[in-house]
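Inspection log for the structure reproduced underneath, given as structure tokens.
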């Protein structure tokens, strides 16, 4: 039964990543004139900092953790470094965000806790800002949980 459930989850994640995307929605912080025109939805966001610490993957077997939000189904997907994940998100007023229905595969990886902290921080995120090509998620107290950099992966 676990095998069937695991394969079903993996198949669903595979299908999620194969969906076409509509035109991205523009969601940027407009409080500062030095912002770039980076779009929250549709862009690939690479994790650069976790709880304020720079993410260093040089001594691990992990992939670079990333997220991508899609407008068609309000879906979010990516990888925590080892396991792909998917779920949904909801944007609200004043640059607030809520992630839900987050699922990930459960392959064992020696990740020193990076993946579990990363996924936990996504669940805690309630607000975001985009400043100078940098996306930051914060918790309800304004604590910086995760910082990302937008990359162009359309090659």
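Residue numbers (mature numbering (1 follows the signal peptide of the UniProt record, and there is no 0)): -22 to -1, 1 to 133. We treat Cβ as the ideally placed atom computed from N, Cα and C, and that holds for glycine.
Looking at the strands, I want to know which residues DSSP matches up with residue 94. Note: residue 94 sits in no beta bridge, so no partner.
Closest to residue 69 by C-alpha separation, out of 126, 34 and 54, would be which residue? Per the Cα distances, 54.
Output yes or no for whether 8 Å exceeds the beta carbon distance between residue 115 and residue 25. no
In chain order, each beta strand (DSSP E) run of at least 3 residues that lies wholly inside the segment 27 to 54: 44 to 48
In terms of residues, what are the limits of the beta strand (DSSP E) holding residue 107? 105 to 109
Residue range of the beta strand (DSSP E) that includes residue 122: 122 to 129
I need the boundaries of the beta strand (DSSP E) containing residue 18, first residue and last residue. Neither: residue 18 is in no beta strand (DSSP E) and is coded neither H nor E.
Report yes if the CB atom of residue 81 is closer than 8 Å to the CB atom of residue 59, and no otherwise. no
Rounding to the nearest angstrom, what Cα-Cα distance links residue 34 and residue 51 in this structure? C-alpha separation (whole angstroms): 32 Å.
Relative to the C-alpha of residue 45, which residue among 31, 36, 19 and 83 is closest? 19
Note the first and the last residue of the continuous beta strand (DSSP E) segment covering residue 64. Boundaries of the beta strand (DSSP E) harbouring residue 64: 62 to 70, taken from the DSSP string.
With 16 other CB atoms within 10 Å as the buried threshold, where does residue 94 fall? Within 10 angstroms of the beta-carbon of residue 94 lie fewer than 16 other beta-carbons, which makes it exposed.
Kindly identify the DSSP beta-bridge partner or partners of residue 116. Looking at the DSSP assignment, residue 116 forms a beta bridge with 105 and 122.
Cα separation between residue 56 and residue 62? 6 Å
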